[in-house]
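The structure under discussion appears below in the form of structure tokens.
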Amino acid sequence: MNFKRRKVSLVKTKVAIINDVRDDIEYIKEAGSVIKEGGTVAFPTETVYGLGADALNSEAVKKIFIAKGRPQDNPLIVHVSSKDLSYLVKDIPKVAEDLMNKFWPGPLTIILDKKDIIPDETSAGLSTIGIRMPNNEIALKLIELSGKPIAAPSANISGRPSPTEVERCIEDLDGRVDYILGGDRSDIGVESTIVDCTVEPPMVLRPGGITLEMLREVDARIEIDKALMKKPTDDLKPKAPGMKYRHYAPKASLKIIRGKNEKTIEIISEMLENYIDKNNKVAILTTDENLSRFNKGEIISLGSEKELSQIAQNLFEALRKCDDLGVQYILCQGFEEDGVGLAIMNRLNKAAGYDIIDV
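First residue of the sequence shown? That's 186 in the working numbering, and the numbers climb one at a time after it.
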């Protein structure tokens, strides 16, 4: 893929690909110095690539919002390399401690009451903050070498599908950030699960790779926020990233068709014919099992319906591929909202602006 520097470059971006943390440690040290000095660095994590700045430096954090075009009332997640959070938060309830011990490092963000050391720019003016320890060697070493907790949303232009490969970071952020560290493709492919531990019972505010079933093995009281799968109201004050605004959206109009498999295929096929008859370019997002059921349009498999973790990993890149293909419409089959399927449907709903057809 050939990436060209944007004509409206704000900064000169350095890109370094890390093949081995020990062999390439100088690049990570250099990126750590950028964070320490108030700059911005895109870096890999196991969920998606993140765009980081010093979480305790309000001016540095503002650069994240500028680079992404992110709404100011959308809070950031603070990434740490240690479970010692005493300097960042007022209290760590037992359930939070248990979750940290079970799932950190990993794709779990825990919301806690913050201390004043965390500026309002990082928390979007809230008295709480989301914190996680990523399960990625490059990310952990970057945090450690910077000597700072790193505030980091996904490393993309706000609203677009989150990047799971470094090429997509370059595509969106070249000329907008100071440094891009490249590593492997993200393992999980959707952002971290977010659990609010400041409320009783603890509440899942965003589903992710750590499923509700897994969380309840630690504490059976944990609930899912009932508003998760509904279109948010305009006056919502989001307590966690991704709760309010349209996210993960491709350029094309995305429609989700949900129901029994045979009926879903029938409706997608009818819609496909209708769009093609009107000279539209259409993509279909489906599964390995249904791939042969379609013979028109740009047909993209997300993976096997028997491996929802595979579908989660491939989802954002598939949406990006639809942009590459220049389609006007994307027709995507829905998935059961169990396990990781809840995270998949949450992202699809956001990307589609809740344009769902139940059949």
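Built from N, CA and C at the ideal position, the CB exists for glycine as well.
Taking C-beta atoms as the reference points, I452 and V389 fail to come closer than 7 Å. The C-beta separation of I373 from Q498 comes to about 6 Å, placing the pair in contact by the 8 Å criterion. In the three-state reduction of the DSSP assignment, R361 falls in the coil class, being assigned neither a helical nor a strand state. The beta-carbon separation of V274 and I249, rounded to 21 Å, does not stay under the 8 Å limit for a contact.
Scanning the stretch 274-328 for uninterrupted beta strand (DSSP E) segments of 3 residues or longer gives 293-298, 313-317, listed from N- to C-terminal end. The alpha-carbon separation between K253 and R401 amounts to approximately 35 Å. Taking 7 Å as the cut-off, the beta carbon of P319 is found no closer than this to the beta carbon of T198. Secondary structure at Y514: strand, using DSSP grouped into helix, strand and coil. In the displayed model, V219 falls within a helix according to three-state DSSP.
A336 sits close to A238, with the two beta carbons spaced by under 7 Å. Boundaries of the alpha helix (DSSP H) harbouring S243: 243-253, taken from the DSSP string. Membership of D239 in the beta strand (DSSP E) is indicated by the continuous run 235-239. N286 and G223 have their C-alpha atoms spaced approximately 31 Å apart. In this structure, I515 places its C-beta atom within 7 Å of the C-beta atom of C507.
In this chain, the beta strand (DSSP E) harbouring A227 covers 226-228.
Rounded to the nearest whole angstrom, the CA to CA distance from P290 to T383 is 21 Å.
A405 sits exposed, since fewer than 16 C-beta atoms from the chains shown fall within 10 Å of its C-beta. Rounded to whole angstroms, T471 and R443 show a C-alpha spacing of 12 Å.
If you draw a straight line from the Cα of K448 to the Cα of D473, it comes to about 17 Å. Given a length threshold of 3 residues, the stretch 329-358 has no whole run of the beta strand (DSSP E) inside it. Residue pairing of L470 in beta bridges, as defined by DSSP: I485, C517.
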